[in-house]
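So the sequence shown is numbered by the working numbering: it starts at 8 and just counts up by one.
I have placed the structure first, in the form of structure tokens, so that the comments after it can refer back to it.
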Amino acid sequence: MKPIRLGMVGGGQGAFIGGVHRIAARIDGQFQLVAGALSSTPERAAASAAELGLDPARSYGDFAQMAQREARLKDGIEAVAIVTPNHMHAGPAIEFLKRGIHVICDKPLTATMAEAKRLAKVAESSKALFILTHNYTGYPLIRQARAMVAAGELGRIRLVQVEYVQDWLTERAESSGSKQAEWRVDPARAGGGGALGDIGTHAWNLAAFVSGQEPSALAADLSSFVEGRQLDDNAHVLLRYEGGAKGMLWASQVAPGNENGLRLRIYGDKGGIEWGQEDPNKLWFTRFGQPKQLLTRNGTGASPENQRVSRTPGGHPEGYLEAFATIYSEAARAIRAHQSGAPLPAEVLYPSLQDGLSGMRFVEACLRSSSRNGAWVTL
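If you want it as structure tokens, here you go:
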């Protein structure tokens, strides 16, 4: 089949995540980038488009112009990737959804809950799909862990421990010319959550994806350790689940010695699992009273859910970019099914609008709790 024609909003020169999305979209050959509004000014957008080899006629100075023209073209884009800072998610997503163009949006959903609700209203009435790139759900062993929990191999879930820990904002990187740091610590562009919105939402989403549960209440202690920083750079969050399980979430960007330390541990009354993103081809599984067992991506015991999204033979590592590509390939399968009028294949999984709204509720609840000295609040 021909690749799906893809556009991109944001992701121009100097933008890390735009390059990641472009690589992920290409890995399985499901998408071809043909248009873009790649930067906030027409000049920078045109320069970025030229670097990528895009037709100058399909390089746009703003997303609204792009949405209007591409919707009218016979060979216009079928989907758009939105890879802008958080405050620029809702506007472009709404413009493209209104025109029936599928949206693949970076996380978190939006900068504010008001924006999220406005986007949700449009998405629910649109004929197009909305996919959120919580890319860590694309790892093969995360798919296997989810299946194991759902099959009852851990028994009744008691404990959920998740953390995403970095060190790159230990000092004032936002004052040294770091484009990536500048917008992430700016409430006008990032929203109310700093580390909370940037990486805390990933931890929240991953714990829910694997455990199959979301907490009903939380208590959060948010800190801005770096002097003068307006948004949190560290978050400790206690979690309570309806079924009686308890959890803890830690998100930090000021923990020296940590690069991208996303780690998940889930324990039930029959066993437990442990997984770390920096060594993603290994999943530790322990049945209570038995020795710890190492499960590998393509080793003995690899589940069908694991193997379906695994690309390379055992012993050859798959990582971050491939996990990201899994979300794009799942999106492609969903888009092709949608275009043909077929139902979505049951095995296809991708983060959705509802996952995005859940992340926004998480951020909002943490801000409420922390403002009340860590009081318990409901979601």
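Virtual Cβ for every residue (Gly too), placed ideally from N, Cα, C.
Neighbourhood of residue i by C-beta distance below 7 Å, restricted to the same chain and skipping five residues each side
i, result
"Glu354", "Arg315"
"Ala157", "Gly219"
"Leu154", "Note that residue 154 corresponds to Ala in the displayed sequence, not to Leu. So the qualifying residues of the chain are Ser310, Glu312."
"Ala130", "Leu104, Phe137, Leu360"
"Leu364", "Leu116, Ala123, Ala127"
"Asp1", "In this structure the chain extends from 8 to 386, so residue 1 is not present and cannot be described."
"Leu245", "Leu225, Ala226, Met255"
"Lys9", "none"
Per-residue DSSP class, three states only, for residue i
i, result
"Met155", "helix"
"Ala252", "coil"
"Arg65", "helix"
"Val129", "helix"
"His345", "helix"
"His96", "coil"
"Val233", "coil"
"Val370", "helix"
"Asp228", "strand"
"Gly268", "strand"
Beta-carbon proximity list for residue i, same chain, < 6 Å, skipping 5 on both sides
i, result
"Ile138", "Ile111, Ala338, Tyr357"
"Phe103", "Ala74, Val87, Val110"
"Gly283", "Arg270"
"Val90", "Gly17, Gly18, Ile24, Gly25, His28, Asp113"
"Met120", "Met367, Glu371"
"Tyr274", "Arg165, Leu166"
"Ser46", "Gly19, Ala52, Ser55"
"Leu374", "Gly199"
"Phe292", "Ile280, Gln300, Leu302"
"Ser183", "none"
Opposing strand residues paired with residue i [DSSP bridges]
i, result
"Gly279", "Tyr274, Thr293"
"Gln39", "Arg12"
"Cys112", "Ile89, Leu139"
"Ala44", "Val16"
"Arg247", "Ala224, Lys253"
C-beta atoms of residue i and residue j nearer than 7 Å
i, j, result
"Ile164", "Ala258", "no"
"Glu249", "Ser230", "no"
"Ala56", "Ser66", "yes"
"Asp286", "Gly162", "no"
"Ala31", "Phe331", "yes"
"Val172", "Ala214", "no"
"Asn142", "Asp362", "no"
"Ala262", "Asp205", "no"
"Arg304", "Asn288", "yes"
"Leu61", "Phe38", "no"
"Arg294", "Gly278", "yes"
"Gly107", "Ile334", "no"
"Ala42", "Ile84", "yes"
Interface flag, residue i vs chain C, CB-CB below 7 Å
i, result
"Phe232", "The chain labelled as chain C is not found in the depicted structure, where only one protein chain is given."
8 Å CB neighbourhood of residue i in its chain, flanking five on each side removed
i, result
"Ala197", "Pro92, Asn93, His94, Ala118, Trp190, Arg191, Gly204, Asp205, Leu238"
Inset, instruction - Only counting runs of 3 or more residues, tell me where the beta strand (DSSP E) segments fall wholly within the region 296-338, in order along the chain. - result: 300-303
Inset, instruction - Could you name each continuous beta strand (DSSP E) segment of 3 residues or more that falls completely within the region 157-222, going from the start of the chain to the end? - result: 164-172
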